[in-house]
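Structure, as structure tokens:
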Amino acid sequence: MRKYITLLVTLLLLLTTACGNKSKGKSDADIVAKDKAALTIPGDLNNVTSNLILPTSGSNGSTITWSSSNPDVISNDGRVKPSSLGDATVILTATIKYGKASDTKEFTVIVKRIVGNQNEIINPGFETGDLTGWTATGEAFKDSHITNNDEFWGGLYGMEGSYMFSSVSSEGATGTLSSSTFVLGGSGWITFKIGAAKHTDKLYISIMKTNNTPSTNDDEEVVRFGNTMFDDDQYKGNMVQYKADLREFLNQELYIKIVDNATSDWAWISMDSFFVYYEKVDDLPANAVLATDVRPKEIVCDVTPPSKYEIANGGFDTGNLCGWETTGEAFTHDEISDKPVNWFGTNHYPEDGYLYSSWKTDNEGKTGTMTSTVFELGGIGYITFRVGGARPKSDLSKAMYISVYKEDGTEIARFMNYKFNNSPELFTYKADLSSFLGEKLYIKVVDNATSDWGVFFLDSFITYYTDENDLPEEAFEAINLIAPDTTAPVISGTKNFNLKVGQTKPNWLEGVTAIDEVDGEVTVTVDDSAVDLTKVGEYDLVYTATDNSGNTATITVKVYVSTEDTVKPVINGVQEEIFIVVNSTAPNWLEGITASDNVDGNLTNIIVLDISELDLTALGDYEITFTVTDSSGNTTTEVTLVHVVEVLPIIENGGFETGDLTGWRASGDAFKDEYVTDQDEFWGGLYGKVGNFLFTSEGKEGFTGTLTSTVFRLSGSGWITFKLGAAKNSSKIYVSIYDTKGTASTEDDVEIARFGSAFDDNIYKGNMALFKADLSAYLGKDLYIVIVDEATSDWAWISMDAFITYYKTVDALPSEALDAIDVMPTDIICDVTAPSQYEIVNGGFDTGNICGWTTEGTAFTHSDITNQAIDWSGSTYSPEGGYMYSSWKNSNESLTGTLTSSVFELGGIGYITFRLGGAKPKDNISEANYIAIYTEDGTEIGRYMNSQFNDSPALYTYKVDLSDYLGQRLYIKIVKNATSDWGVFFLDSFNTYYTDENDLPENAYEAINLLG
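Each residue of the sequence shown is one higher than the last, beginning at 1 in this note's numbering.
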């Protein structure tokens, strides 16, 4: 009974509650309406800079969901991401639901643009590991482009801190990246680091002024910077430190905007360290390059021809196309360049300062014309011009050419670059237009090509010469493609025929061709109507070729028909001599030998081999013969001299033609089968392989090891040849020749010669040079070859091929072979003294070594002294008196040590001088390179670093005032503690005695004594 009472009471309570709600009159719609009216978003919605709190339920029990009109700025759950591109207005819509009723309510929210810390931007060096503080549009700038890896395929970027930006993996994507705003303060200078970004008209850094308004519509670009230091030698993807003078915008609100509209040809950017506040100019990085404004400048053309016989601006030396009229898109002011065109290490320079280059704006896909001013043809009637690229094409609608017109529009000449050689090399052409002397003409350059070397390189259109001797000596005669063609084709491949009565008529045209200088290959016909193969006699056979202009060439040959065949057959493939090891199995002597006859055809299967005199079990020289006789009894015999020897005079697989290292013995990791390749091309051009294969360790730099050939007995002339490339440091990577001393053991083997490559920065890099080496002093000796690779950097790889160890005579050597130079170290006997008591021994290293100096450690050796200039980005730094010390000669940056001079008495005026390059100054002495001066008792009185260092090997002359120590005995100590980051030395000209201040070098800098 109690159960029923409890249940009844519960039901009554529920009924009462329900009736009570209804009695209050709150329907679902009423509840939604009340919660809508009460709904607010906390905070000032006109000035939002942080996340919003969006209610998810009403006070009367409704549920609330949100949607944003711009989720990139405010997400549906209220997270706020401000933009640096200006204030953003976002509509937030709330949907309120209860039961079956629902309604919406909108809120207008203004998100304020990102503002930096007054004088600085947010995240200037990307040290958050993402693009926090920056606003991106498009696809070119993403969080994933932030990296902590300073290394890329081209070297080191030059990152500062732990992170930087690089879009190397996303070349071709476009977009913008904008910083937070800042108020320019301090000195008014800013700095940044950028790399790659070759085309400054498409990929650049803009400085934008906000004009202190929330909208970006009136933002103004006040300056634009690009990577103007980009070049193919020094600055590629690695970053350049720039500084920019923005003082005229002090106290104005600015922001940085990186724009990427480039799609090819280094169309990516590396960047870091956008610092926009420096209190003083002195605080700027010392090595920073001044950034220049690359905004397009309005060009006002005011040029006239030098005379009536010349065109205006024929060499583009105004730096633009003023004086020329253009159509289409191919020719603009932006293509005029004062930079050389670089192609695989070769620079093709403008003649007088500027040239036209399609590559400057990467415009191969564009077409158009460029027309000169009118000129009167005078003087001797010649014009000249320089043209590169522009592969000739027969279809004019896809071709590039230079035309000359009369003033009335009649085309009188058309020229193409017939010297084109698959490169941008500019060739000088001369055109004889003397038949139009006194007439008014103009030049029209036409670009119809969009691919396949559809690029122009143009310079020096000169239209007036008064003397033929003034014409450029190197000029080629330009071929006028529309001039009357009066030259007949040239027929080649014809011959006389010796035939027998009744013989079947041969194919008279086999191997016969005709080439015309205008039409190319033309058809050859033959007239054999006078030939009768049924009768003995001598007959004329006539060949004729006619070009499209009606010029005809004729050649008549003889056909001799006889009853007797007197022409001997021919045997091919017979070698003059063959070497074979005693007691070897006989080879197939007929392999590769063929025979043919002018009448009987192929006679290979009736060659008779005579080896009756040959004995492979006994040392000696034997003749074997190959004989063939045709059906008319004409006999031919060829002889091969077979040398039966103990040891072959040739090594096994000297040209790697097995496709691997068969016959060679490798140790270490520098030489592997997979380094043998059939590819002759590499990033620097062609290796120059012989046959089907060569060896190259390109891309495997840094591995060490040796590669040893089979033994050969030096015979014949005693000369050998080989091809070698890369291998810059011949003290660490070289080809050795060893003498076995006639024993099987290698313990008494002796190195008799050592050869290095011909590496230089202009001709021989990875491509191979052919060398010849005279080993005739070792004729009859059993030798072998060892290639040694102990190099770990700076072209520490090798390309090689064609090790040929036998030439019968010296005359058989290739005429183009270079003499191999023996680079084996030689014992150096030091016998040098100081010129006087006031001078040190060998202060300029002009003995070619470091005699007179004492060393500790491994950084300073005789082999580091060089008489070669140092080339760096087009600048050359030469020894002063013939020699200098160079860390680069043996790539010894990682080595440490000291070099100490002889003692000298300080005399004269008390000054010393020296030349110093490299050796980047460092605060930590244990990691620094410096020059110290000591008194004879070991007291250090001076310490000097390269205060003028500028990230290059440039040698600076320093002068040191030591007059306080006049009459004392001193010595110089050069200390190398650095192993990286320009931890290299370039040293020369330590002069310790001057009697007159006027004798001190004018260009000398005062050396700063770090000891005070």
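From the three backbone atoms N, C-alpha and C, an ideal C-beta is built for every residue, glycine too. Treat the numbers as computed from the prediction; the structure is a model and nothing was measured.
Straight-line CA distance for Ser487 to Ile787? The amino acid occupying residue 487 in the given sequence is Thr; Ser does not appear at that position. In a straight line, the C-alpha of Thr487 is about 56 Å away from that of Ile787.
Cβ of Leu899 within 9 Å of Cβ of Ala859? yes
Segment limits, alpha helix (DSSP H) that includes Lys535: Per DSSP, Lys535 belongs to no alpha helix (DSSP H) and is neither H nor E.
Using the C-alpha atoms, what's the distance from Tyr930 back to Glu1006? 15 Å
Would the beta-carbon of Ser709 fall within 9 Å of that of Gly843? No; because the gap between Cβ atoms is not below 9 Å, this pair is not in contact.
Could you tell me which of Tyr465, Val690, Pro392 and Thr95 sits nearest to Trp453, measuring between CA atoms? Pro392
How many Å lie between Lys24 and Ala33 at the Cα? Note that Lys24 has pLDDT 49, beneath the 50 cutoff, so the model's placement of it is unreliable and the number below is only indicative. Their Cα atoms are separated by approximately 15 Å.
Spatial distance of Ile974 from Arg113 (CA atoms): 57 Å
Report the three-state DSSP secondary structure of Phe579 (helix, strand or coil). Reduced to three states, the DSSP call for Phe579 is strand.
What distance in whole Å lies between the Cβ atoms of Ala262 and Leu203, which are believed to be in contact at a cut-off of 8 Å? Indeed, because the Cβ distance is near 4 Å, the residues count as touching under 8 Å.
For the structure I just gave you, are there three or more beta carbon pairs, one from the region 769 to 776 and one from the region 813 to 832, closer than 8 Å? yes
Ile840 - containing alpha helix (DSSP H), residue span: Counting along the chain, Ile840 falls outside any alpha helix (DSSP H), and DSSP gives it neither H nor E.
Residue environment, Ser27, which counts as buried when at least 16 other CB atoms sit within 10 Å: exposed
Own chain residues within Cβ distance below 7 Å of Ile720, not counting five before or after: Ala773, Leu775, Ile804 and Thr805
Looking at C-alpha atoms only, which residue of Thr371, Asp597 and Glu139 is the closest neighbour of Thr326? Thr371
Rounded C-alpha distance that separates Asp811 from Gly918: Those two C-alpha atoms are separated by around 48 Å.
Let me confirm a value: Thr147 is counted as buried when at least 16 other C-beta atoms fall within 10 Å, else exposed. Which label applies? With 16 or more other Cβ atoms within 10 Å, it is buried.
What would DSSP say about Ile1024, mapped onto helix, strand or coil? Outside the modelled stretch of the chain, which goes from 1 to 1012, sits residue 1024, for which no answer is possible.
So the candidates are Gly573, Asp532, Val581 and Asp516; which of them puts its Cα closest to the Cα of Ala553? Asp516
Span separating the alpha-carbon of Thr704 from that of Asp789: 5 Å
Contacting residues, own chain, Cβ-Cβ under 7 Å from Glu477 (five flanking each side not counted): Lys430
Out of curiosity, what's the CA-to-CA distance linking Asp600 and Thr617? 39 Å
Take Thr120 and list the residues in its own chain whose beta-carbon comes closer than 7 Å to its own, dropping the five residues that flank it on each side. In the sequence under discussion, the amino acid at residue 120 is Glu, which differs from the Thr named in the question. Excluding positions up to five away in sequence, the list reads Phe182, Val276 and Tyr277.
DSSP has Gly655 in a bridge; who is on the other side? Gly655 pairs with nothing; no bridge assigned.
When you compare the region 377 to 397 with the region 418 to 430, are there three or more beta-carbon pairs, one atom per stretch, that lie closer than 8 Å? yes
Proximity of Ala94 and Trp66 at Cβ, strictly below 9 Å: yes
Cα separation between Asp678 and Asp660? 10 Å
Decide if Thr135 is buried, meaning its Cβ has at least 16 other Cβ atoms within 10 Å, or exposed. buried
Three or more C-beta pairs under 8 Å: does that hold for the region 518 to 527 against the region 541 to 555? Taking a contact to require three or more Cβ pairs closer than 8 Å, the region 518 to 527 and the region 541 to 555 qualify as touching.
Per DSSP, what kind of secondary structure is Trp853 in: helix, strand or coil? coil
With 16 other Cβ atoms within 10 Å as the buried cut-off, status of Ser394: exposed
Helix, strand or coil: which one does DSSP assign to Ala753? Reduced to three states, the DSSP call for Ala753 is strand.
To the nearest angstrom, report how far apart Lys22 and Asn60 are at their CA atoms. Note that Lys22 has pLDDT 37, beneath the 50 cutoff, so the model's placement of it is unreliable and no number is given.
Determine which residues share a DSSP beta bridge with Ile402 and list them. According to DSSP, residue pairing for Ile402 in a beta bridge involves Phe415 and Val445.
For Ala514, the nearest candidate out of Gly874, Leu987, Asn551 and Thr132 (CA to CA): With distances taken between Cα atoms, Ala514 lies closest to Asn551.
Length of the line joining the Cα atoms of Thr566 and Asp540: Computed Cα separation, rounded: 20 Å.
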